[in-house]
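Counting the sequence shown from 1 gives a position; this note's numbering is that position plus 134. Cβ coordinates follow ideal geometry from the N, Cα and C atoms, glycine included. Just so you know, these numbers come straight off a predicted model, no measurement behind them. Reading through the structure tokens given below for one structure.
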Amino acid sequence: MAARLLVVDDDRELRELLTDYLSRAGFDVLARADGGQLMRLLEQEAIDLLILDLQLPGQDGLDLCRQLRTTCDLPVLMLTARGTEIDRVVGLEVGADDYLVKPFSPRELLARIKALLRRSSAPMRGSRVTSAARQVRIGRWRFDTEARQLIDSDGVVVALSGAEYRLLKVFIERPNLVLSRDRLLDLTQGPDGNAFDRAIDVQVGRLRKRLRDSARAPSYIKTVRGEGYVFAPPSASRTS
């Protein structure tokens with residue numbers, strides 16, 4: 135079955151171009167001019183990836199992405215006419231999985247879509263988590279590897295984005311091991327990843343917020359100056 139993509143962009147000409155191009159590439163494509171009905175649409179339709187413009191009328195792409203991340207881990211590719219590093223950082227901080235600056239090559243967009251779909255559906259390379267051990271206890275948290283969510287000691291559920299899920303899974307599988315930024319990029323995105331220098335720092339910051347971990351005195355993800363990061367949780371054990 136073809137993957138279903140949702141394009142949300144207020145530029146009618148671009149919407150039609152992307153719908154036509156991606157349909158010819160074998161995808162099932164839906165398109166909308168704004169995000170007013172986005173959450174309702176996602177409840178009604180099975181969507182595999184969202185292509186979201188940053189600058190939309192009404193609620194913009196950043197707000198929509200932030201809202202989306204409270205409920206699900208749908209891969210999000212953000213489009214924008216603003217290409218500065220701070221814009222990319224903000225996009226990643228609110229939960230986007232990738233970022234493409236307008237104008238862009240349709241072939242590059244297609245390559246990034248395929249890479250995101252592979253990363254969101256394929257098992258993590260070197261994974262040691264089995265269906266019989268789907269949950270990992272991390273301090274006050276339980277990490278559900280199938281539902282891709284964190285559950286705190288009070289039962290509050292925190293949904294993770296695809297990038298947050300992959301990063302936490304890499305850390306859990308390599309506790310107390312210092313991992314460089316390049317190594318983390320390779321383990322979470324693979325050789326077809328499209329990341330800029332600060333991408334891992336942004337993703338670590340997002341994951342720390344999910345874990346309610348202090349950046350100044352972290353209990354879970356510690357910074358090793360000049361080397362990278364190390365995952366050293368209070369305790370970790372698998373449960374069925």
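The C-beta distance from VAL292 to GLN283 rounds to 6 Å, short enough to meet the 8 Å contact threshold.
If you check the CB distance, LEU156 and LEU198 do not come in under 8 Å. In this structure, LEU190 and GLY225 do not form a Cβ contact; the two beta carbons are roughly 13 Å apart against a cut-off of 8 Å. Under the three-state reduction of DSSP, LYS356 is assigned to strand. C-alpha of THR153 to C-alpha of PRO309: approximately 44 Å in a straight line. ILE247 and LEU211 have their C-alpha atoms roughly 8 Å apart. Contiguous alpha helix (DSSP H) elements confined to the segment 136-178 occur at 146-158, 172-178, taking only those with 4 or more residues. Within the segment 179-258, the complete beta strand (DSSP E) runs of at least 3 residues fall at 183-187, 210-214, 232-235. In chain order, ALA297, LEU301 place their CB closer than 6 Å to the CB of GLN337, counting only its own chain and leaving out the 5 sequence neighbours on each side.
Here the alpha carbon of ASP232 sits roughly 15 Å from the alpha carbon of LEU294. Cβ contact annotation for ARG203 (same chain, cutoff 6 Å, sequence separation greater than five): GLY229, SER295, in chain order. Of the other Cβ atoms in all chains shown, 16 or more fall within 10 Å of the Cβ of VAL270; this residue is therefore buried. Nearest neighbour of MET135 by Cα position, chosen from ALA167, ARG174, PHE238, ASP182, turns out to be ASP182. Secondary structure at VAL312: coil, using DSSP grouped into helix, strand and coil.
The alpha carbon of ARG359 has as its nearest neighbour, out of ARG315, SER353, ARG342, LEU345, the alpha carbon of ARG315. In the DSSP assignment, TYR363 is bridged to LEU313, THR357.
When only Cα atoms are considered, ARG340 and ARG158 end up about 36 Å apart. Going by C-alpha positions, ALA351 is about 10 Å away from THR357. Counting other Cβ atoms within 10 Å of its Cβ, LEU318 reaches 16 or more and is therefore classed as buried.
Under the DSSP assignment, VAL304 falls outside any beta strand (DSSP E), being part of the alpha helix (DSSP H) whose first and last residues are 296-307. Counting only residues of its own chain and dropping the five nearest sequence neighbours on each side, ALA167 has a CB closer than 6 Å to the CB of ASP144. Boundaries of the beta strand (DSSP E) harbouring ALA293: 291-293, taken from the DSSP string. Excluding its 5 nearest sequence neighbours in each direction, GLY170 has C-beta neighbours in its own chain below 8 Å: GLY192, GLN193, listed in chain order. Taking 8 Å as the cut-off, the Cβ atoms of TYR354 and ASP207 do not count as close. For the set LEU243, TYR363, THR214, the Cα lying nearest the Cα of LYS236 is the one of THR214.
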